[in-house]
Ligand code: PSV
Ligand code: MN
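Numbering (the numbering used here), first residue to last: 5 to 392.
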């Protein structure tokens, strides 16, 4: 049996980072449905993130995306976050929304465009110096739509050169987390398509570079928990972008499409004693809420991760390792499934009450009047959005 006190302690200490952009308007290639009360400024996004933290107790930081969250004074933004009860987290770069990047950013055949993209990465590290952020999160939309369009190998060389410049600009406390994505917006070849490519570049860069796993960025059927286990064993797993997918990069609420997969991922985290914030993995959300209310959807996502984590912590590992060593296939599987099939909602309710919170964060949010307040207050101005 897992030690219940230790399980609760781990759940109280868990930290999940919310994405500033999830509070703004978003959509598909076909339509963005604007919602009332959506933030107009980075400060309003941070206020919403602070609200998620107030009701969940486990979301103390918010990731920024530059230039979506560009401000004149990042130190002031950081102080604003702290005054609201949260801190600024990973700085995400954006080298995918400028006409210059049509043929790529850091892998573009044009050296002037590569320079511009790399300068953006360096600018992001300047911002990290001001916000106190540890993580520079890099995702490149670079890739090719047609065979022969550019030289696959040269593009890897250009990518490596740009990453090296960004890496060398980091302080000892800062690090790169390099995200991969199988496809989109490029459909023939992607320059960082998989964990192996990210891992190889991170190894070449050095100890301050680790892989970021966005759970929505794999081929259907990919065993993501294997990737998690492998990277943990190598000490190269730095971050998650959690979300759910049914078909492609749907960016739906974490744990909505496949809660069992999320449990299997969290089991590997627990198995490697990598859950505690002191281990250094940044457990981020990377989602968009296109048709559902945003703040309660983010609260729900946080709760889904908590539920998967609680179940993972409840796995009777002594019994599991024994059954595995004895080659008892059915018993091993049954032990894992017993934990997965446990209703952990009462346990998480207790954990929240121990943190001085309402056991049901979504209901508490709905009762709080926050949504009505932002709808009334946030009138005029331009709503934030990522420009789909
Ligand atoms: C790309 O699909 C991605 O997952 C990257 O993390 C981007 O920064 C983010 O989505 C933008 O929403
Ligand atoms: Mn992502």
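From the three backbone atoms N, C-alpha and C, an ideal C-beta is built for every residue, glycine too.
Only a predicted model underlies this, so the values are computations on that prediction, with no experimental measurement involved.
query, result
"Within 8 Å, strictly: CB atoms of residue 125 and residue 166", "yes"
"Those residues which DSSP pairs with residue 215 across a bridge", "182, 241"
"Spatial distance of residue 317 from residue 344 (CA atoms)", "10 Å"
"Residue 143 Cβ short of 7 Å to ligand 1 heavy atom set", "yes"
"Between the CA atoms of residue 13 and residue 120 - distance to the nearest angstrom", "46 Å"
"Residue list, Cβ distance to ligand 2 heavy atoms smaller than 5 Å", "218, 245, 290"
"Where residue 62 falls: helix, strand or coil (DSSP)", "coil"
"Alpha carbon of residue 61 to alpha carbon of residue 311, nearest angstrom", "14 Å"
"Cβ-based burial, residue 162 [other Cβ within 10 Å; buried from 16]", "buried"
"Inside the stretch 158-207 only - alpha helix (DSSP H) runs reaching at least 4 residues", "none"
"Three-state secondary structure (DSSP) of residue 57", "helix"
"Where residue 21 sits in the DSSP three-state scheme", "strand"
"Reference residue 367, options 308, 304, 348, 259, closest by Cα", "304"
"C-beta atoms of residue 395 and residue 299 nearer than 8 Å", "The chain is shown only over 5 to 392; residue 395 falls outside these bounds and no answer can be derived."
"Distance, residue 253 Cα to residue 313 Cα", "23 Å"
"8 Å CB neighbourhood of residue 37 in its chain, flanking five on each side removed", "29, 31, 294, 295"
"Reduced DSSP secondary structure (H/G/I, E/B, other) of residue 220", "coil"
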